[in-house]
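Asks: According to the working numbering, the sequence shown holds residues 1 to 188 in order.
Think of the CB as a built atom: it goes at the ideal place given N, C-alpha and C, for glycine as much as any other residue.
Pasting in a structure now, in structure tokens, and then I'll have a few things to ask.
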Amino acid sequence: MKVRYCLGMTLVALGACGPAQQPQAPTNNTEAPILPAPSAPPAVSNSALAAPAPVSSDKAQPEPKKILLEPKGPIDPKSVEAAGQVVQHYGALIEQGRLTEAAKLWGDPATAAKFTKEIRPNTHLEIGDLGDTEGAAGSIYTTVPVVFYGDGFRKPAQVILRRVNDVPGSTEAQRRWHIERIEWGKAP
């Protein structure tokens, strides 16, 4: 009990030791006292918020990226953003080693199986900016630049996605974006 009382008194005494600020006397009784202007807030260093320094290429890490914003509403399944989500989902499945599920995002299972053999363990996927769509013979295509990377490698590629237009006789699966092919060696 005495310790709390002494601690409380010490805090009161320390508060009284600080420099006293005297407000200026009011010029008439209806005015409030004028207090000194508050000091400027301490400067905040941007170094804590700055992007990390690029890692050397021998570590095969991705380049620093801009922050992607959340969509402002539902994404139209026919849009290029929906195609980008397919690539993002594909990358997440690869990173988790779920290659069988990742292969289901391809249009052709045989092409997916062939490509899956080229995936190294601990592969990650860096996704570039989405491009425009191009139409051709009842289908729409878009290309998404990516970089496959991991321990000791960094390999750029282009993911070409396709969806069938809403034509009579097309199935729901055909009208969804799917990976048509991946072309190696084209920098994003």
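Alpha carbon to alpha carbon, how far is VAL80 from PRO74? Give it in angstroms, no decimals.
Replies: As a working mapping, residue 74 is identified with position 74 in the sequence shown. As a working mapping, residue 80 is identified with position 80 in the sequence shown. Rounded to whole angstroms, PRO74 to VAL80 spans 13 Å at the Cα level.
Asks: Can you tell me which of ILE182, GLN158, VAL147, ILE140 puts its alpha carbon nearest to the alpha carbon of VAL167?
Replies: Against the sequence shown, residue 167 aligns to sequence position 167. When only C-alpha atoms are compared, the closest one is ILE140.
Asks: From the DSSP output, in three-state form, read off VAL87 for me.
Replies: Numbered from 1 along the sequence shown, position 87 holds the residue referred to as residue 87. Residue state, collapsed to three classes: helix.
Asks: How long is the line joining the alpha carbons of GLU118 and HIS89, rounded to whole angstroms?
Replies: On the sequence shown, position 118 is the one that residue 118 refers to. On the sequence shown, position 89 is the one that residue 89 refers to. So the alpha carbons of these two residues sit roughly 18 Å apart.
Asks: Taking C-alpha atoms, which residue in GLY152, ARG163, VAL146, GLU172 lies nearest to GLY185?
Replies: Walking along the sequence shown from the start, residue 185 turns up at place 185. Cα-wise, what sits closest to GLY185 is VAL146.
Asks: At what residues does the beta strand (DSSP E) containing THR123 begin and finish?
Replies: One-based indexing of the sequence shown puts residue 123 at position 123. No beta strand (DSSP E) contains THR123, which DSSP labels as neither H nor E.
Asks: With a cut-off of 8 Å on the beta carbons, I'd call TRP177 and ALA112 a contact; round off their distance for me.
Replies: Locating residue 177 in the sequence shown gives position 177, counting from the first residue. Locating residue 112 in the sequence shown gives position 112, counting from the first residue. About 15 Å separates the two Cβ atoms, so there is no contact after all.
Asks: Would you call the region 98-114 in contact with the region 127-141, where contact means no fewer than 3 C-beta pairs closer than 8 Å?
Replies: With a cut-off of 8 Å, the region 127-141 and the region 98-114 do not count as touching, because too few Cβ pairs lie within range.
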